[in-house]
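Numbers 190 to 876, taken from this note's numbering, label the letters of the sequence shown in order. Every residue, glycine too, gets a C-beta built ideally from N, C-alpha and C. All of these numbers come straight from a predicted model, not from anything done at the bench.
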Amino acid sequence: MQEFEHLMSPIEIAPSFKMKNRIMKAPQSTWRWNLDGTADGSAGIDLYESMAKGGVGAIDIAGINWEPPVGGGIYLCAYDDRFIPGLTELAERLHQYDCRVIGQLHHGGPLAPVQGGGRPICASTLEIEDLPTPPPEGLATHGLTHDELVEKRQLIVDAAIRLWKAGFDAVEIHAAHGYFLNSFLSPIWNHRDDEYGPQTAESRTRIMREIYDMVRDACGPDFVIGTRINGQEWSPLVSGGITPELAVENAKALESYGYQYISVSGYGYGKLPFRYCPDYFPYPDPEPFMEPYMKNFDDLGILMPGIRAVKKAVNVPVIGVGRMDEVKGERVLREGYADIVAYGRYLWADPEFANKVKEGRLDEIRRCNRCASCEDPVTSPRICRVNPALGRERELELKPVETRKKVMVIGGGTAGMQCALDAAERGFDVTIYEKKSELGGRIKLASMIKGDKDEDVMPLFDYLTTMIEKSNVTVKLKTEVTLDLVKREKPDIVVLADSSPYFIPDIAGIDRKNVFTIPAMTKLASIPMKMFGPRKLASMSEKVFPVGKKIVILGAGAEGAQCATFLAHRGKEVILLAETEDVGGLVPQKYKVRLVPWFEEHGVQIIYNAQLLRIDKKSVTVEVDGKAEDIGCDSVMVMLPEQHDPSFYEQLKQIVPEVYEIGSTLGGDNAFLKHAMLDGRLAAVKM
190 MQEFEHLMSP
200 IEIAPSFKMK
210 NRIMKAPQST
220 WRWNLDGTAD
230 GSAGIDLYES
240 MAKGGVGAID
250 IAGINWEPPV
260 GGGIYLCAYD
270 DRFIPGLTEL
280 AERLHQYDCR
290 VIGQLHHGGP
300 LAPVQGGGRP
310 ICASTLEIED
320 LPTPPPEGLA
330 THGLTHDELV
340 EKRQLIVDAA
350 IRLWKAGFDA
360 VEIHAAHGYF
370 LNSFLSPIWN
380 HRDDEYGPQT
390 AESRTRIMRE
400 IYDMVRDACG
410 PDFVIGTRIN
420 GQEWSPLVSG
430 GITPELAVEN
440 AKALESYGYQ
450 YISVSGYGYG
460 KLPFRYCPDY
470 FPYPDPEPFM
480 EPYMKNFDDL
490 GILMPGIRAV
500 KKAVNVPVIG
510 VGRMDEVKGE
520 RVLREGYADI
530 VAYGRYLWAD
540 PEFANKVKEG
550 RLDEIRRCNR
560 CASCEDPVTS
570 PRICRVNPAL
580 GRERELELKP
590 VETRKKVMVI
600 GGGTAGMQCA
610 LDAAERGFDV
620 TIYEKKSELG
630 GRIKLASMIK
640 GDKDEDVMPL
650 FDYLTTMIEK
660 SNVTVKLKTE
670 VTLDLVKREK
680 PDIVVLADSS
690 PYFIPDIAGI
700 DRKNVFTIPA
710 MTKLASIPMK
720 MFGPRKLASM
730 SEKVFPVGKK
740 IVILGAGAEG
750 AQCATFLAHR
760 GKEVILLAET
770 EDVGGLVPQK
780 YKVRLVPWFE
790 EHGVQIIYNA
800 QLLRIDKKSV
810 TVEVDGKAED
820 IGCDSVMVML
830 PEQHDPSFYE
840 QLKQIVPEVY
850 EIGSTLGGDN
860 AFLKHAMLDG
870 RLAAVKM
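Pasting the structure below:
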């Protein structure tokens, strides 16, 4: 068993703040609080409790507003005493698992939304032409006067006092990213010429010293006060942001004031995707500006140079973050790059991550796919493709059943496996019937097309199949379910999780040999997929992919768009036929906004409002705006979604007391992984 002695070792930030291990939940807003900003009885508490129960040493509760928020997501707040009861409940629920609780005080500052044509607050007044982040994301800012700054400072201190009264172990003064207090620390925002200006580390951090002193005076010596800062800032448009060297100056000053830990992050400026540079998704390819950073991105993350620089310069604990797994986290601690490792999406994907690492159950970790479903769109309540219960822990709790019933799951794809595992955990007698020779459905084909540089779906396949092997779920492969089989088996419950037929349009030439449908490609790839696996097959396809040079793709939804990127990466000339103005369909917004520009740069032709009329040996006929035109091509790929066929479901309802349809059986959106996984969980809960 691989040991993680550093990751699992305790650490003391202060006598009142001892962590049982060095795994911390990174501060990321969940948008799972009550609409009025309270925590009382909220799904947000349930979400964080699942991680505390799962063994993390500390949780940094993100984005607690010290002033009433405007627009955006559902923030947790601490700007009034009425929030204290819910904050107290939150702290108490997490403390019962020996988990330390940090409250991160937040204000969006220059990046906050405003109402009525106002300006967001900032260290300095910046006009549109001076902004590091241009419109529409950036707005001209209002630089605070001295009196206004004193007022805001008091609001921050008052909110910290409320966290202390609520029983939090620490407050984190958020001075990172492009937010309010960062606008003082970063010369990219701070153009002041008074005692809070950017001239020296002391002046840049003066407001931070004042906040620290006031919180310490009010809360006494045992309440831990930490901060989060940028270790580096990036921008393709403007200069003047924080470098690792400047971050070291800031960190030394903050340490001298008494801050007891420093969490190091980073930020990007400019147009999207650079605004969220540390959280960068290089899809379909990294922009030229990002190329110098990709080595770090693929190793320990692009935040690591700033983290390491700060760690070398200070003696207080430093928290590192960014694309970590357990192996990278152990290395970061072993090499002395940081003292604590903060995990973000890894803990959304698997709240039990810490306990599984501690117990050596690495093959049972449900790993983040980096699919961006959790930010689709940004500020909506968080969801997770691989953890359908995220944010709905109470609603989707797997309660033990009183009567053990016999469950037949038809189809061993992701929806079927998820449903089977959840139903078995509840105590049902579950059998999966899969007509093919292995479980997984089309996930391997999806993995081959998607690749693993950005989004990587194979860990989900590995997790589900591993857990099926370890469970008491019975699996019957090469077994096609008929009504007669159902009658013989006499199940109490049937779950239909098999694939539905893909929509194949009635077009002249659709049955030609140069036409490839998703089922046809699945069949063609089945033998080489078994021999080589999706990653090797994807690599081989870069050299040989015998579909001709010029390909027309029918369907510009997620299936067609991802197929187009796959083919373009392999040097094919691609023409994408879109029935509407939408390209990408259910591709998460963080990826989707980059698709069309990438297609334009890589020669992928998009024909909008197109109707395919005919397929010939070396061409297709397409109608656009009432006019028909012939387009030369070697092959046609039909990338249209599955269509719901309820006929078998209706037949089953006549002979089985309880029948559910999930995932691909329902076709359309339900065939996508995040919906299929949720469908499986919902069916298991409803049984």
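Asked: Quick one: give me the first and last residue of the alpha helix (DSSP H) that Trp378 is part of.; Found: That residue, Trp378, is in no alpha helix (DSSP H); it is neither H nor E in DSSP.
Asked: Spell out the partners DSSP gives Ala364 in its beta bridges.; Found: Ile418
Asked: Assuming contact is defined by CB atoms lying nearer than 8 Å, are Pro274 and Asp347 in contact in what I supplied?; Found: no
Asked: Who are the near neighbours of Ala745 in its chain, counting only those whose CB is closer than 6 Å to its CB and skipping five residues on each side?; Found: Leu765, Ala767, Val772
Asked: Suppose the cutoff is 6 Å on Cβ atoms and the five residues either side in sequence are ignored; what does the same chain contact list for Leu374 look like?; Found: Ala364, Arg393, Asn439
Asked: Which value, in whole angstroms, describes the spacing of the CA atoms of Gly551 and Ala241?; Found: Position check: residue 551 holds Leu in this sequence, whereas Gly was assumed. Cα-Cα distance, rounded: 19 Å.
Asked: Out of Asp618, Ile742, Asp645, Pro648, which one is the CA nearest neighbour of Val684?; Found: Asp618
Asked: Whole-angstrom Cβ separation of Val503 and Glu434, contact assumed at under 8 Å?; Found: That pair is no contact at about 14 Å.
Asked: Compare the beta carbon distance of Pro471 and Asp643 with 8 Å and say whether it is the shorter of the two.; Found: yes
Asked: Can you have a look at Lys875 and say buried or exposed, based on whether 16 or more other CB atoms are within 10 angstroms of its CB?; Found: exposed
Asked: Between which two residues does the beta strand (DSSP E) containing His295 stretch?; Found: 289-295
Asked: Can you give me the start and stop residues for the alpha helix (DSSP H) that Leu649 sits inside?; Found: 647-659
Asked: What's the call for Pro481, buried or exposed, on a 16-neighbour Cβ count within 10 Å?; Found: exposed
Asked: Please report the residue range of the beta strand (DSSP E) in which Gly722 lies.; Found: From DSSP, Gly722 is part of no beta strand (DSSP E) but of the alpha helix (DSSP H) over 707-730.
Asked: Have a look at Tyr385 and Arg395 and give me their C-alpha separation to the nearest angstrom.; Found: 6 Å
Asked: Excluding the 5 residues flanking Glu831 on each side, which residues of the same chain have their C-beta closer than 6 Å to its C-beta?; Found: Ser689, Tyr691, Ser853, Gly856, Ala860
Asked: How many angstroms separate the CA atom of Gly640 from the CA atom of Val776?; Found: 15 Å
Asked: For Met939, which of helix, strand or coil comes out of DSSP?; Found: The displayed coordinates of the chain run from 190 to 876. Any statement about residue 939 would go beyond what the structure contains.
Asked: Write down every uninterrupted run of the beta strand (DSSP E) in the region 266-331 whose length is 3 residues or greater and which is fully enclosed by it, in chain order.; Found: 289-295
Asked: Would you tell me roughly how many angstroms separate the C-alpha atoms of Pro735 and Leu315, rounded to the nearest one?; Found: 56 Å
Asked: Which residue or residues does DSSP assign as beta-bridge partners of Trp423?; Found: Gly457
Asked: Who does Thr663 pair with in a DSSP beta bridge?; Found: Thr620
Asked: Tell me the DSSP secondary structure of Thr559 in three-state form.; Found: Just to set this straight, residue 559 is Arg in the shown sequence, not Thr. Residue state, collapsed to three classes: coil.
Asked: Could you give the distance in angstroms between the alpha-carbon of Pro302 and the alpha-carbon of Leu784?; Found: 26 Å
Asked: Between the region 572-580 and the region 525-542, do at least 3 Cβ pairs fall closer than 8 Å?; Found: yes
Asked: Check the DSSP bridge columns for Leu801 and list the partner residues they point to.; Found: Val811
Asked: Who are the near neighbours of Val596 in its chain, counting only those whose CB is closer than 8 Å to its CB and skipping five residues on each side?; Found: Ala609, Ala612, Phe617, Asp618, Val619, Thr620, Pro680, Asp681, Ile682, Val683, Val684, Met876
Asked: When you compare each of His833, Ala757, Glu399, His295 to Asn371 by their alpha carbons, which one comes out closest?; Found: His295
Asked: Within its chain, find whatever has a CB closer than 7 Å to the CB of Glu519; leave out the 5 residues flanking it on each side and keep chain order.; Found: Phe193, His195, Leu196
Asked: Determine the extent of the beta strand (DSSP E) in which Asp819 is found, giving its start and end residues.; Found: 816-821
Asked: Tell me, to the nearest whole angstrom, how far the beta carbon of Phe369 is from that of Gly298; I am working on the premise that it is less than 8 Å.; Found: 3 Å
Asked: Nearest CA to the CA of Trp220: which residue from Met647, Glu238, Ile253?; Found: Ile253
Asked: What span of residues does the beta strand (DSSP E) with Lys214 cover, start to end?; Found: 212-214
Asked: Per the DSSP calculation, Asn254 is bridged to which residue(s)?; Found: Cys266, His295
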